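In order, the protein sequences belong to chains D and V.
Sequential numbering from 1 applies to the first sequence in my numbering.
Sequential numbering from 111 applies to the second sequence in my numbering.
Yeah, the Cβ is synthetic: ideal placement off N, Cα and C, and Gly gets one too.
Given the structure is predicted, the values throughout are model-derived calculations rather than measurements.
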Amino acid sequence: GIQVEQSPPDLILQEGANSTLRCNFSDSVNNLQWFHQNPWGQLINLFYIPSGTKQNGRLSATTVATERYSLLYISSSQTTDSGVYFCAVEKKGGSEKLVFGKGTKLTVNP
Amino acid sequence: NAGVTQTPKFQVLKTGQSMTLQCAQDMNHEYMSWYRQDPGMGLRLIHYSVGAGITDQGEVPNGYNVSRSTTEDFPLRLLSAAPSQTSVYFCATRTPSGLYEQYFGPGTRLTVT
């Protein structure tokens with residue numbers, strides 16, 4: 001099946017710093033999403049981005065489908081950004097199964 | 111508008127017991143799915159459904175059954191619980207193709223002793 005690798009596994013920042021999270025995937029995809037899981041366990045959809053670039057406030061994401069990677073940028077980080085960020089993909093031409101990476105755990109200290 | 115609801119929030123079972131995790135949604139989404147989340151493993155797809163009467167297996171279906179008799183409900187059944195099924199279970203729905211916005215329930219934390 002398709003493989004999804006996220007890096008780094010852990011990231012610790014001071015409030016106000018910027019960060020880049022990476023997601024590599026092993027096959028062509030027709031669906032790529034970024035999710036945030038807050039420290040209370042709730043999962044929130046951040047971006048649907050199988051290709052191109054999107055921005056939402058301090059967060060933006062870029063997917064280069066031809067090179068099979070996606071980047072999530074967090075600018076001016078806040079303590080509320082803490083949690084785990086997951087990348088999930090669905091293989092092109094495959095069945096409707098979303099495969100998740102293992103996540104990047106982000107801790108933003110005040 | 112409650113979104114995706116799951117019951118119970120917590121459950122402790124003994125090995126061999128059976129139970130059903132409930133999932134309901136009020137967004138009229140055709141696609142629903144169940145995931146389990148284990149430490150360091152991300153989320154893994156158990157079963158999914160693209161509409162009432164249609165279900166299919168995900169990555170880790172063994173030990174779990176599902177059915178989809180209505181658009182609103184998608185229960186997950188554990189027939190004979192095992193300690194390996196200790197996990198946090200999430201139900202999710204998804205908007206139609208082209209939008210792919212996924213909505214997750216709050217999760218059920220299951221412990222099998």
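Chain-ordered chain D contacts of residue 120 of chain V [CB-CB under 7 Å]: The sequence position of residue 120 of chain V within the second sequence is 10, counting from 1. Simply none; closest approach about 12 Å.
Cβ neighbour criterion (16 or more within 10 Å) applied to residue 142 of chain V
Walking along the second sequence from the start, residue 142 of chain V turns up at place 32. So residue 142 of chain V counts as buried.
Exercise. Using a Cβ-Cβ cut-off of less than 9 Å, give me the residues of the stretch 124 to 145 of chain V that come near chain D, in sequence order.
Key: 141, 143, 145
Discussion item. As an exercise, report each continuous alpha helix (DSSP H) stretch of at least 4 residues that is fully enclosed by the stretch 69 to 102 of chain D, in chain order.
Written reply: Runs of the alpha helix (DSSP H) inside the stretch 69 to 102 of chain D: none found.
Opposite residue 199 of chain V in the DSSP bridges: which residues? Position 89 of the second sequence holds residue 199 of chain V. Per DSSP, V:146, V:218.
| Under the rule that 16 or more other beta-carbon atoms within 10 Å means buried, what is residue 254 of chain V, buried or exposed? | No statement about residue 254 of chain V is possible, as the shown extent of chain V runs from 111 to 223 and does not include it.
Comparing C-alpha positions only, which one of D:101, D:93, D:16 sits nearest to residue 30 of chain D? By 1-based counting over the first sequence, the position of residue 30 of chain D is 30. Measuring from the Cα of residue 30 of chain D, the nearest candidate turns out to be D:93.
Practice problem: Determine, using beta-carbon pairs with one atom in the stretch 154 to 163 of chain V and one in the stretch 178 to 187 of chain V, whether at least three such pairs fall under 8 Å. | Solution: A contact is defined here as three or more CB-CB pairs under 8 Å, and the stretch 154 to 163 of chain V meets this definition with respect to the stretch 178 to 187 of chain V.
**OP:** Please confirm if residue 216 of chain V has its CB atom under 8 Å from at least one CB of chain D.
**Re:** In the second sequence, the residue the question calls residue 216 of chain V occupies position 106. For residue 216 of chain V, the answer is yes, since a Cβ of chain D falls inside 8 Å of its Cβ.
Item to complete: Run through the stretch 111 to 141 of chain V for me and flag every whole beta strand (DSSP E) of 3 or more residues, listed as ranges in chain order.
Response: 114 to 117, 120 to 123, 129 to 135
**Request:** Output yes or no for whether 8 Å exceeds the beta carbon distance between residue 104 of chain D and residue 84 of chain D.
**Result:** Looking up residue 104 of chain D in the first sequence gives position 104. Looking up residue 84 of chain D in the first sequence gives position 84. Yes, they are a contact pair.
Say whether the stretch 113 to 131 of chain V touches the stretch 45 to 57 of chain D, bearing in mind that this needs 3 or more beta-carbon pairs closer than 8 Å, one atom from each stretch. no
Considering residue 37 of chain D, what are the terminal residues of the beta strand (DSSP E) in which it resides?
The sequence position of residue 37 of chain D within the first sequence is 37, counting from 1. Its beta strand (DSSP E) spans residues 29 to 37.
> Are the C-beta of residue 54 of chain D and some C-beta of chain V separated by less than 8 Å?
Replying inline: Residue 54 of chain D sits at position 54 when you count from the first residue of the first sequence. It does not: the Cβ of residue 54 of chain D has no partner Cβ on chain V nearer than 8 Å.
- Task: Determine the chain D residues that contact residue 166 of chain V at a beta-carbon separation under 9 Å, and present them in chain order.
- Result: On the second sequence, position 56 is the one that residue 166 of chain V refers to. Simply 95, 96, 97.
query = Can you tell me whether DSSP reads residue 159 of chain V as helix, strand or coil?
reply = Position 49 of the second sequence, counting from 1, holds the residue named residue 159 of chain V. Looking at residue 159 of chain V - three-state DSSP - the assignment turns out to be strand.
By the three-class DSSP mapping on this structure, what secondary structure does residue 194 of chain V have? Locating residue 194 of chain V in the second sequence gives position 84, counting from the first residue. If DSSP states are grouped into helix, strand and coil, residue 194 of chain V belongs with the helices.
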